[in-house]
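*Asks:*
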Amino acid sequence: MDTVIKAFGLVFQVDVMVAIVASAFYGLTVGALPGLSATMATALLVPVTFYLSPIAAVATIITASAMAIFSGDIPGCLLRIPGTPASAAYTDEAYAMTRKGQAETALGICLWFSALGGIAGTLSLMLIAPLLADIALSFSTYENFWLAMLGLMCSTLVARSSPIKAIAAMLLGLLITCIGIDNPGGVPRFTFGSTDLLGGIEPIPALVGVFALAEVMRALTEREPPKIESRRLGSILKGQWKLTKEYPKQQARGNIVGIIIGVLPGAGADMAAWVSYAMSKRFSKTPEKFGTGHPEGLIEAGASNNASLASGWVPALLFGIPGDTITAIAIGVLYMKGLNPGPSLFTTQAESMYALYIIFILGNIIMIPFGIVMIRLASRIVGAPRSAVMPVIMVFCAVGAFATAGNNLFAVWCVAAFGLIGFVMEKNGYPVAAMVLGIVMGTMVEQSFVTSLIKSDGSILPFFERPISSVLAAMTFAALLWPLLAWSLGWLKGRRTVAAYGGRQAPNTRA
Amino acid sequence: MTFLDRRSVLQGAAAGVAGLIAAPAIGQAKFPSRPVTLICPWGAGGGTDAVVRIVASLMEKSLGQPFSVVNRTGGSGVVGHSAIATAAPDGYTLGIITSEIAMMHHQGLTQLTYASYTPLALMNDDPPGIQVKSDSPYKDVKQLADAIKAAPVGKFKASGTGQGGIWHLALVGWMQAMGLAPNHVAWVPSNGAAPAMQDLAAGGLDLVTCSVPEARAMIDAGRAKSLAIMAAARNPQFKDVPTLKEAMGLEVPLGSWRGIGGPKNLPPEVARILSAELKAIYDSQEYRDFMNARGLTMKYADADAFGSFMGESDKAMGAFMKAGGLAKG
């Protein structure tokens with residue numbers, strides 16, 4: 244109880260409150276701008292967190308990401324352009340409701356169930372994380388190795404592209420972490436005599452490049468979104484309570500799926516929304532209504548993507564393994580603030596952890612009033628000209644990287660290089676999230692593998708002998724073989740399809 | 016009239032130029048006249064970061080200019096140390112120099128040595144400790160040492176930092192002092208003391224040779240215990256932990272030290288102001304309270320003494336590294 248009171252003391256500080264309110268509006272704005280993702284909102288926040296107290300820094304990330312995920316629904320609803328990829332799954336559904344003249348109901352569903360989903364996710368974080376922390380304290384390098392491997396495998400498993408491209412992207416990330424001297428042998432690799440390269444590639448500049456700069460570049464190649472005609476919206480929350488009572492099962496299912504997907508490394512809010520929308524349609528009594536402006540799928544998927552946000556912090560806090568791309572950035576900030584992830588965080592920094600829970604709940608509660616304000620302002624913000632927004636983001640990328648790396652110009656070059664890499668990868672269907680996971684976890688994989696081998700005098704038996712280790716190993720191999728299985732099944736099916744369609748495939752293959 | 020006008024303009028210009036030339040001189044007379052940057056080669060939240068931040072905040076108070084700490088991490092300290100050495104020698108970029116400067120060049124990682132800096136003051140020196148799991152069968156360091164001696168080479172595993180890091184050298188020094196081969200206890204590289212302590216608690220290691228304050232979290236949680244410290248005297252924060260000299264009559268002259276320095280060739284006047292200020296900080300109650308609270312060991316040397324201290328440390332570390340097969344060339 245004492246720690247809880249201390250935690251409240253940590254949260255209810257002027258700087259933390261200002262940080263929450265400011266980052267809420269920031270997150271809502273970035274989320275509502277089409278093409279800017281919640282991950283990008285988080286990446287751009289890193290330099291700001293640099294100057295904040297640890298709790299305020301974590302608060303900005305939590306609040307901004309939750310707000311951005313909800314806010315991405317607004318342009319989806321009104322313009323049929325998802326504000327963030329996490330809204331893409333149900334954009335058509337929401338827009339169909341708008342066309343039926345139910346824009347306020349659609350937006351209300353997104354807001355109300357986002358907030359409820361976020362709170363459900365927080366409860367899961369509060370329950371699961373300390374429980375796992377106790378078990379995790381007995382994890383040695385053997386278990387850490389399998390956990391890291393499992394994380395890498397998951398990132399390829401859940402990618403919505405071809406598994407081969409996902410594995411290629413992940414391996415590229417692993418190769419990038421080889422740079423520098425921070426490896427178990429203390430041997431400089433790929434440094435070419437440069438002191439900066441000796442330090443290796445830091446994840447944060449890489450992430451800013453891939454998620455922020457690459458998106459700016461993509462925006463240059465796309466058309467400006469159309470303007471929203473201003474329309475008068477009625478009460479946003481009217482009828483939401485009725486819907487909550489009408490679809491309890493859908494909501495619960497959305498929350499649970501979101502939580503599970505959030506915990507899985509590499510899979511985040513967008514994946515949660517896609518899976519939940521598909522599940523909702525599959526188990527619905529009236530699947531034919533989906534796509535015509537039916538609230539059912541909207542409720543389930545809208546809850547799911549926000550629920551995944553909080554549970555994504557579970558592996559991040561316990562093992563330093565990101566649950567999604569947002570927590571990949573958050574881990575960097577945690578290290579920067581001396582809140583190094585690990586099971587002992589829950590004992591040595593218990594009040595900081597409670598403070599984190601409080602911020603999550605608080606963020607999801609204020610989402611409702613702030614979200615209503617945002618919806619009312621939507622027509623002004625969604626239509627902000629790209630030519631004004633994008634250069635500002637460019638400046639933030641460069642200045643931010645420079646500041647967080649200790650005024651080092653090398654970080655700015657990193658951002659530029661990774662912006663290019665990310666842009667080219669996305670254009671060619673390689674999932675950047677898999678590469679990012681490789682970069683964040685490469686060191687952990689190598690470190691735990693090499694040190695385990697030193698401890699076991701070169702024997703690989705202890706990797707399978709220890710009980711938890713063997714379970715994790717089995718899971719890793721299952722995840723490793725799954726894409727192979729799916730791919731060969733798909734290949735068999737594909738051959739049949741090619742045979743059936745015959746000539747239609749030919750021009751494509753030649754090109 | 017025009018001639019006079021032109022002349023006064025010229026005079027004014029000349030005065031202006033003279034003023035510009037004089038400006039830096041005036042600025043130096045009242046050092047510091049603008050914010051000072053302190054580079055920390057290690058991450059936020061660690062021991063080095065803690066020391067440099069308390070020094071910065073006390074300097075700020077007494078010298079009246081902002082002293083901002085910049086964490087330039089990576090490359091096992093090479094990146095930050097090189098940033099301090101290559102900064103403009105005007106006193107506005109300083110840094111915290113750590114014992115790694117006496118080690119890295121022996122490994123062939125950098126050309127930098129202690130001679131690349133203007134020493135200002137030694138502020139702290141943490142001795143290595145010997146930690147084991149709390150339910151370990153070894154009651155004291157003597158029992159542990161006997162078990163190590165009896166075991167075959169490589170049976171016992173120790174950790175605390177990366178390959179060739181300061182705590183690795185401490186282990187090598189201890190083995191040598193006992194007359195054993197430097198690799199009698201195998202070294203498991205780790206990403207610092209905290210993960211090593213976590214692995215010790217999880218049963219993956221036999222001992223960890225990091226400093227006692229670094230092991231404190233796990234000791235306080237009842238998951239580890241400290242058997243000895245390799246120092247001349249006990250740490251007042253951990254009174255029950257004996258020195259290696261008391262327990263076994265052995266001495267390992269090595270520690271993780273930290274001092275403030277600047278790039279080579281700092282103006283003597285600036286160096287004098289800074290080292291006088293550092294002396295005052297070291298003697299202040301605030302610094303003492305802070306270091307005691309963190310369990311960090313205080314050790315002071317003025318600019319000249321810090322310079323020769325680094326030279327001796329360099330020689331000692333070089334010898335340990337050669338013995339452990341960690342030196343290059």
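Heads up: the sequence lines are chains A and B, in that order. Position 334, counted from 1, in the first sequence is what this note's numbering calls 577; the numbers after and before it change by one each time, with no gaps. Position 171, counted from 1, in the second sequence is what this note's numbering calls 186; the numbers after and before it change by one each time, with no gaps. Glycine residues also receive a C-beta, built at the ideal position from the N, C-alpha and C atoms. Only a predicted model underlies this, so the values are computations on that prediction, with no experimental measurement involved.
How would you label B:Q300, buried or exposed, when you count the other beta carbons within 10 angstroms and need 16 or more for buried?
*Replies:* Here the question's residue 300 of chain B lines up with position 285 in the second sequence. Looking at its Cβ environment, which holds fewer than 16 other Cβ atoms inside 10 Å, B:Q300 is exposed.
*Asks:* Starting from A:Y578, find everything on chain B with Cβ-Cβ shorter than 7 angstroms and list it in chain order.
*Replies:* Position 335 of the first sequence, counting from 1, holds the residue named residue 578 of chain A. The contacting residues are G58.
*Asks:* Can you tell me the Cβ-Cβ gap for A:Y269 and A:A286, rounded? I've got them flagged as a contact below 8 angstroms.
*Replies:* Taking the first sequence and counting its residues from 1, one reaches residue 269 of chain A at position 26. Taking the first sequence and counting its residues from 1, one reaches residue 286 of chain A at position 43. A:Y269 to A:A286, Cβ: 13 angstroms. No contact.
*Asks:* Would you grab the beta carbon distance between A:S551 and A:G364 for me? Rounded to a whole angstrom, and I think it's under 8 angstroms.
*Replies:* Against the first sequence, residue 551 of chain A aligns to sequence position 308. Against the first sequence, residue 364 of chain A aligns to sequence position 121. Indeed, because the Cβ distance is near 7 angstroms, the residues count as touching under 8 angstroms.
*Asks:* Can you check DSSP and say which residues form a bridge with B:L141?
*Replies:* As a first step, residue 141 of chain B is located in the second sequence; it is residue number 126 there, counting from the start. Rather than Leu, the amino acid found at residue 141 of chain B in this sequence is Asp. DSSP lists B:S271 as partners of B:D141.
*Asks:* Flag A:G429 as yes if its beta-carbon sits less than 8 angstroms from any beta-carbon of chain B, otherwise no.
*Replies:* Numbered from its first residue, the first sequence carries residue 429 of chain A at position 186. Yes, contact with chain B.
*Asks:* For the stretch 370 to 381 of chain A against the stretch 551 to 566 of chain A, are there 3 or more C-beta pairs whose distance is under 8 angstroms?
*Replies:* yes
*Asks:* Between the stretch 432 to 448 of chain A and the stretch 249 to 264 of chain A, can you find at least three pairs of beta-carbon atoms closer than 8 angstroms?
*Replies:* no
*Asks:* Between which residues of its own chain and B:M233 is the CB-CB distance below 6 angstroms, once the five residues before and five after are set aside?
*Replies:* Counted from its first residue, the second sequence places residue 233 of chain B at position 218. Once the five neighbours on either side are set aside, the close Cβ partners of B:M233 are M212, A216 and A239.
*Asks:* Note down, in chain order, each residue of its chain lying with its Cβ closer than 7 angstroms to the Cβ of B:A331, except the 5 sequence neighbours on either side.
*Replies:* Residue 331 of chain B sits at position 316 when you count from the first residue of the second sequence. Contacts found: P268 and L269.
*Asks:* Give me the chain A residues within the contact set of B:S205, using Cβ-Cβ distance strictly less than 8 angstroms, ordered along the chain.
*Replies:* Taking the second sequence and counting its residues from 1, the one referred to as residue 205 of chain B is at position 190. Simply Q690 and T694.
*Asks:* With A:F707 as the anchor, note down where its alpha helix (DSSP H) starts and where it stops.
*Replies:* Translated into the one-based positions of the first sequence, residue 707 of chain A becomes position 464. Unbroken alpha helix (DSSP H) run through A:F707: P705 to E708.
*Asks:* Using a Cβ-Cβ cut-off of 6 angstroms (strictly less than) and excluding sequence neighbours within five positions of A:A644, which residues of its own chain qualify?
*Replies:* Numbered from 1 along the first sequence, position 401 holds the residue referred to as residue 644 of chain A. Residues of the same chain with a CB within less than 6 angstroms of the CB of A:A644, apart from the 5 flanking positions on each side, are P448, V451, A654, V655 and V658 in chain order.
*Asks:* Quick check on the DSSP output: what are the complete alpha helix (DSSP H) runs of length 4 or more inside the stretch 202 to 259 of chain B, in order along the chain?
*Replies:* 208 to 216 and 227 to 235
*Asks:* Could you have a look at A:F293 and say whether DSSP puts it in helix, strand or coil?
*Replies:* For the purposes of this step, residue 293 of chain A is taken as residue 50 along the first sequence, with counting starting at 1. Looking at A:F293 - three-state DSSP - the assignment turns out to be coil, as it is neither helix nor strand.
*Asks:* May I ask you to report which of helix, strand or coil DSSP gives B:K337?
*Replies:* Within the second sequence, numbered from 1, the residue matching residue 337 of chain B stands at position 322. If DSSP states are grouped into helix, strand and coil, B:K337 belongs with the helices.
*Asks:* With C-beta atoms as the reference, is A:G566 less than 8 angstroms away from A:V500?
*Replies:* Translated into the one-based positions of the first sequence, residue 566 of chain A becomes position 323. Translated into the one-based positions of the first sequence, residue 500 of chain A becomes position 257. No, they are not a contact pair.
*Asks:* Let me make sure I understand the geometry here. Which of A:S308, A:Y333 and A:P328 has the alpha-carbon closest to that of A:C320?
*Replies:* Taking the first residue of the first sequence as position 1, residue 320 of chain A is located at position 77. Nearest C-alpha to A:C320: A:Y333.
*Asks:* Return the first residue and the last residue of the alpha helix (DSSP H) that B:F82 is part of.
*Replies:* Position 67 of the second sequence holds residue 82 of chain B. If you look at B:F82, you'll find it isn't in any alpha helix (DSSP H); it sits in the beta strand (DSSP E) that goes F82 to N86.
*Asks:* Which chain A residues sit within Cβ distance under 8 angstroms of B:G169?
*Replies:* Your numbering for residue 169 of chain B matches position 154 in the second sequence. Ordered by position in chain A, the residues that pass the 8 angstroms Cβ test against B:G169 are D700.
*Asks:* Determine, for A:S266, whether the minimum Cβ-Cβ distance to residues of chain B falls below 8 angstroms.
*Replies:* Along the first sequence, one-based indexing puts residue 266 of chain A at 23. By this cut-off, A:S266 is not an interface position.
*Asks:* Can you find a CB in chain A that lies within less than 8 angstroms of the CB of B:K279?
*Replies:* To locate residue 279 of chain B, count along the second sequence from 1; it is residue 264. Not an interface residue.
*Asks:* Report yes or no: do three or more beta-carbon pairs, one from the stretch 192 to 207 of chain B and one from the stretch 125 to 145 of chain B, lie closer than 8 angstroms?
*Replies:* no
*Asks:* Can you find the residues in the same chain that come closer than 7 angstroms, C-beta to C-beta, to A:I618, ignoring five residues on each side of it along the sequence?
*Replies:* Here residue 618 of chain A is taken as the residue at index 375 of the first sequence, counted from 1. Around A:I618: I317, L350, L476 and I479.
*Asks:* Name the residue from A:V635, A:G665, A:A510 and A:V638 whose alpha carbon lies nearest to the alpha carbon of A:V557.
*Replies:* Along the first sequence, read from residue 1 onward, the residue named residue 557 of chain A stands at position 314. Of the candidates A:V635, A:G665, A:A510 and A:V638, the one whose C-alpha sits nearest the C-alpha of A:V557 is A:A510.
*Asks:* Could you give the distance in angstroms between the alpha-carbon of B:V94 and the alpha-carbon of B:G58?
*Replies:* Position 79 of the second sequence holds residue 94 of chain B. Position 43 of the second sequence holds residue 58 of chain B. About 12 angstroms.
*Asks:* Per DSSP, which residues does B:Q146 bridge with? Please list them.
*Replies:* By one-based count along the second sequence, residue 146 of chain B stands at place 131. B:Q146 pairs with B:V223 and B:S241.
*Asks:* Applying the 10 Å Cβ sphere with the 16-neighbour rule, what's the burial state of A:A275?
*Replies:* Here residue 275 of chain A refers to the residue found at position 32 when the first sequence is read from its first residue. With 16 or more other Cβ atoms within 10 Å, it is buried.
*Asks:* Let's see if you can read the secondary structure: which residues bound the alpha helix (DSSP H) around A:A646?
*Replies:* One-based indexing of the first sequence puts residue 646 of chain A at position 403. Start and end: R629 to T647.
*Asks:* Does the beta carbon of B:Q213 sit closer than 8 angstroms to a beta carbon anywhere in chain A?
*Replies:* On the second sequence, position 198 is the one that residue 213 of chain B refers to. Yes, contact with chain A.
*Asks:* Helix, strand or coil: which one does DSSP assign to A:C421?
*Replies:* Your numbering for residue 421 of chain A matches position 178 in the first sequence. Coil at A:C421, not helix or strand.
*Asks:* Applying a beta-carbon distance threshold of less than 8 angstroms, which residues of chain B neighbour A:S712?
*Replies:* Taking the first sequence and counting its residues from 1, the one referred to as residue 712 of chain A is at position 469. Those within 8 angstroms of A:S712 in chain B number zero; the least Cβ separation is about 11 angstroms.
*Asks:* Per DSSP, what are the beta-bridge partners of B:V51 in this structure?
*Replies:* For the purposes of this step, residue 51 of chain B is taken as residue 36 along the second sequence, with counting starting at 1. B:V51 is bridged to B:F82.
*Asks:* Just how far apart, CA to CA, sit A:P538 and A:E336?
*Replies:* By 1-based counting over the first sequence, the position of residue 538 of chain A is 295. By 1-based counting over the first sequence, the position of residue 336 of chain A is 93. Looking at the two C-alpha atoms, the distance is approximately 8 angstroms.
*Asks:* Could you check what DSSP says for B:M313 in three-state terms: helix, strand or coil?
*Replies:* In the second sequence, residue 313 of chain B corresponds to position 298, counting from 1. Strand.
*Asks:* Taking the runs of the alpha helix (DSSP H) that are 4 residues or longer, which of them lie wholly in the stretch 441 to 480 of chain A?
*Replies:* 446 to 451 and 457 to 464
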